[in-house]
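Each residue of the sequence shown is one higher than the one before, counting from 0 in numbering that gives the first Met the number 0.
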Amino acid sequence: MTSRRAQKLAEAIREVVSMTILTELKDPRVRDVTVTYVEASDDMRYAKVHVSVMGSESRQQLSVRGLQNAAGFLQAKIAERLQLRYTPKLTFVLDQGVKRSIEVARILKEVLPDSQTASQQTAESASDHPQPGQQPSDEPPL
């Protein structure tokens with residue numbers, strides 16, 4: 000279980016790393032990268048940075064390698080901006096959450112048109128056959 004202090008550190012690291020990637024990192028391999036979240040160890044010496052990368056699988060792996068190569072630069076920026084006894088060692092992990100959510104959305108899109116068609120047919124058949132005590136839909140109400 001991570002401590003509250005480690006969670007605050009993780010959030011601060013996420014902000015510093017994402018701003019540094021966006022504004023200061025010049026590596027052409029590191030493009031279209033989003034820092035999704037950071038996990039800091041309880042002793043605050045290690046931080047696992049989860050990133051999402053737009054593009055193909057090879058493009059994603061290339062970006063993660065670029066981030067690993069820039070880890071020292073990013074750690075120096077963390078040391079500059081945060082007052083810490085130890086600067087956490089950064090490791091970068093590809094976050095598959097975005098990819099999974101896109102896949103789920105695609106599957107739902109395939110399934111939902113069938114469900115919507117079925118619900119429309121059910122609604123149409125219900126209006127064609129009024130329930131006892133209901134007036135048919137063709138006749139105006141009294």
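Note that beta-carbon positions come from the ideal geometry of N, C-alpha and C, so glycine has one too.
It should be emphasised that the depicted structure is a prediction, and the values quoted were computed from it without experimental measurement.
Going by C-alpha to C-alpha distance, which of the options sits closest to residue i?
i, options, result
"residue 82", "61, 28, 11, 35", "11"
"residue 66", "19, 8, 5", "19"
"residue 34", "107, 103, 92", "92"
"residue 41", "53, 85, 54", "85"
"residue 32", "111, 95, 6, 2", "95"
"residue 161", "36, 26, 87", "The first residue shown for the chain is 0 and the last is 141, placing residue 161 beyond what the model contains."
Below 7 Å CB to CB, which residues in the same chain sit around residue i once its five sequence neighbours on both sides are set aside?
i, result
"residue 0", "Low local confidence applies: a pLDDT of 47 at residue 0 is under 50, so the model's placement there is unreliable, with the coordinate-based value given in what follows. Around residue 0: no qualifying Cβ."
"residue 89", "46, 48, 70, 73, 74"
"residue 54", "31"
Taking the C-alpha atoms as reference points, what is the distance between residue i and residue j?
i, j, result
"residue 43", "residue 78", "13 Å"
"residue 68", "residue 4", "28 Å"
"residue 109", "residue 99", "15 Å"
"residue 51", "residue 60", "11 Å"
"residue 76", "residue 58", "25 Å"
"residue 7", "residue 21", "21 Å"
"residue 15", "residue 87", "13 Å"
"residue 2", "residue 36", "16 Å"
"residue 106", "residue 17", "31 Å"
"residue 102", "residue 111", "14 Å"
So what does residue i bridge to, in DSSP terms?
i, result
"residue 91", "48"
Could you give the C-beta distance for residue i and residue j, rounded to a whole number, given that I count them as a contact under 8 Å?
i, j, result
"residue 56", "residue 9", "Between residue 9 and residue 56 the Cβ distance is about 27 Å, and since that is not below 8 Å, they are no contact."
"residue 28", "residue 80", "That belief does not hold up - the Cβ atoms of residue 28 and residue 80 are roughly 24 Å apart, past 8 Å."
For residue i, which residues in the same chain have their Cβ closer than 6 Å to its Cβ, ignoring the five residues on either side in sequence?
i, result
"residue 97", "51"
Near residue i, which residues of its chain fall below 8 Å by C-beta distance, leaving aside the five closest residues on each side in sequence?
i, result
"residue 13", "34, 36, 37, 48"
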